[in-house]
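According to our numbering, the stretch in the sequence shown is residues 225 to 611, in order.
Ideal Cβ positions, reconstructed from N, Cα and C, are used throughout, including at glycine.
Note that the coordinates shown come from a computational prediction; the quantities given were computed from them, not determined experimentally.
Input: a single structure, listed below in structure tokens.
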Amino acid sequence: MTIAALIVAAGQGTRAGGGLPKQWRLLQDHRVIDWSIKAFRDFGIRDIYVVLNPDDPTGWQQFEHSSDINLVAGGSERAGSVENGLKALVDTGTTKVLIHDGARPCLTQQLIADISTALDTYPAAAPAVAVTDALWRGDNDTVTGTQDRSGLFSAQTPQGFDFKTILAAHQNHPGGAADDVQVARDAGHDVHIVPGDPDNIKITRPEDFARAEQILNKTQQVTEHPTVDIRLGNGYDVHRFGDGDHVILCGVEIPHERGLQGHSDADVGMHAVTDAIYGALARGDIGQHFPPSDPQWKGAASDIFLRHAVDMARGMGFQISNVDCTLVCEYPKVGPHAVQMRKAMAEILEMDIDRVSVKATTSERLGFTGRKEGIAALATASLIKHS
């Protein structure tokens with residue numbers, strides 16, 4: 225797992241009325257919090273952590289049968305709740321985290337994608353809408369002055385962060401922050417502003433329920449006739465034989481009288497699949513994202529590259545439908561290891577093994593592969609996005 229959603233829902237929400245914390249109140253045919261959970265699920269995020277009030281047994285019971293929801297006890301204030309949630313993510317493999325208010329039910333796939341994509345470049349990114357209304361200062365019911373609105377933004381969630389960065393920032397923060405952006409900034413980190421969505425409202429007052437319902441109705445009407453974006457990409461890679469006693473193909477180490485040469489671990493199959501995904505996204509190739517001139521990638525495991533491509537696909541709102549990889553070589557024999565290769569690739573891709581194909585062929589002793597000088601690989605990946 226590399227990306228997780230952390231939904232904060234430990235508050236009481238008394239200003240919204242209704243006799244229940246606002247996150248548990250119905251909005252159309254779902255509870256308020258269920259809309260946010262659905263948005264992250266639809267995006268393909270499988271690890272969702274919900275922070276709840278430890279003294280709200282009803283809230284905990286709501287999720288007792290949800291296999292993909294992880295529950296965390298909240299703190300006395302929002303910052304403490306977020307920190308508890310971040311601590312629960314330690315040692316899970318999370319590299320990115322999206323922190324979201326459970327009372328923002330109108331979250332869109334596009335906004336999740338924009339934040340996730342921004343985290344490929346920045347350690348912190350958050351959505352905001354520029355303030356356009358005139359601003360006043362007041363005392364009770366009397367205007368006492370005006371406030372320049374230049375450079376002012378209305379903050380939204382989800383706010384996205386490099387996981388280790390925001391965890392350390394929270395653990396060293398004295399408290400009292402308005403949101404996680406302030407925590408990050410107080411730790412000295414810049415936060416990239418992503419254009420927010422005016423419809424991404426936070427339910428605070430009773431009248432906000434009616435507005436949220438109107439927004440959701442509009443969204444559902446649009447998605448009654450969805451469009452499908454289908455992308456195909458191909459990848460090709462070659463590595464020559466050199467000294468060694470094994471090769472790594474599609475994540476599986478196979479004993480062999482020679483090894484494959486390369487800057488990384490020279491997994492020719494995984495490289496081809498990675499480039500196929502980058503190609504479908506029109507985002508270059510491995511060399512652009514992991515330059516061989518950079519010594520940090522010397523001997524690196526190729527699953528690092530493939531996971532990056534998978535994260536990028538998800539960040540752009542795509543689901544990887546299937547991949548097909550063909551290894552071209554005389555030796556070693558791939559057939560006995562093909563199932564293990566498919567399993568290894570499926571785990572990294574977070575896909576069912578039936579959507580991952582690994583097969584082999586020879587070149588009838590022609591060319592460099594026929595002369596047993598190296599191995600070539602070809603791969604195709606199909607990606608789908610519903611909108």
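Distance check for L335 and K426, CA to CA, integer angstroms please.
Cα-Cα distance, rounded: 15 Å.
What residues are listed by DSSP as bridge partners for K567?
DSSP output for K567 lists no bridge partner at all.
In whole angstroms, give me the CA-to-CA distance for Q406 and A229.
Near 19 Å, if we compare the C-alpha coordinates of A229 and Q406.
Is the separation between the beta-carbon of Q252 and that of L440 shorter than 8 Å?
yes
Can you give me the C-alpha to C-alpha distance between A600 and V462, rounded to a whole angstrom?
4 Å
So, do the region 312 to 323 and the region 405 to 419 have three or more beta carbon pairs nearer to each other than 8 Å?
no
Rounding to the nearest angstrom, what Cα-Cα distance links E387 and P351 in this structure?
First, the residue type needs correcting, since residue 387 is Phe and not Glu in the sequence shown. If I take the Cα positions, the gap works out to 18 Å.
For the 8 Å Cβ check, are there 3 or more pairs between the region 262 to 278 and the region 323 to 334?
Enough Cβ pairs lie closer than 8 Å, so yes.
Simplified DSSP state of K609, which is helix, strand or coil
Strand.
Under a Cβ-count criterion, where at least 16 other Cβ atoms within 10 Å of its own Cβ denotes burial, should P479 be classed as buried or exposed?
The residue in question, P479, is exposed, as its Cβ has fewer than 16 Cβ neighbours within 10 Å.
Do the region 341 to 358 and the region 383 to 401 make contact, defined as three or more Cβ pairs closer than 8 Å?
yes
Give the single residue among L607, E597, L602 whose Cα lies nearest to the Cα of R579.
L607
For Q344 and V321, what's the separation of their Cα atoms in angstroms?
For the sequence presented, residue 344 should be read as Asp rather than Gln. Those two C-alpha atoms are separated by around 12 Å.
Is it buried or exposed, Q371, if we count other Cβ atoms within 10 angstroms and call 16 or more buried?
exposed
Can you give the Cα-Cα distance for G483 and A379, rounded to whole angstroms?
Using only the alpha carbons, I get a separation of about 53 Å.
Beta-carbon proximity list for F548, same chain, < 6 Å, skipping 5 on both sides:
The question names Phe, but residue 548 in the sequence shown is Asp. Correct list, in chain order: S581, T604.
Distance, A500 Cα to S545 Cα
13 Å
Jot down the residue ranges of each uninterrupted alpha helix (DSSP H) in the region 293 to 331, minimum 4 residues, whole runs only, in chain order.
302 to 312
Over what stretch of residues does the alpha helix (DSSP H) that includes F267 continue unbroken?
256 to 267
Which word fits P376, buried or exposed, when buried means at least 16 other C-beta atoms lie within 10 angstroms of its C-beta?
One point to set straight first is that residue 376 is Leu, not Pro, in the sequence displayed. So L376 counts as exposed.
Please report how far the alpha carbon of Y273 lies from the alpha carbon of G283, in whole angstroms.
If I take the Cα positions, the gap works out to 14 Å.
Pull the bridge partners of K583 from the DSSP assignment, please.
T550
First and last residue of the uninterrupted beta strand (DSSP E) at P281:
P281 -> not in any beta strand (DSSP E); alpha helix (DSSP H) instead, spanning 281 to 286.
Run through the DSSP bridge pairs and tell me what P422 is partnered with.
According to DSSP, P422 bridges with nothing at all.
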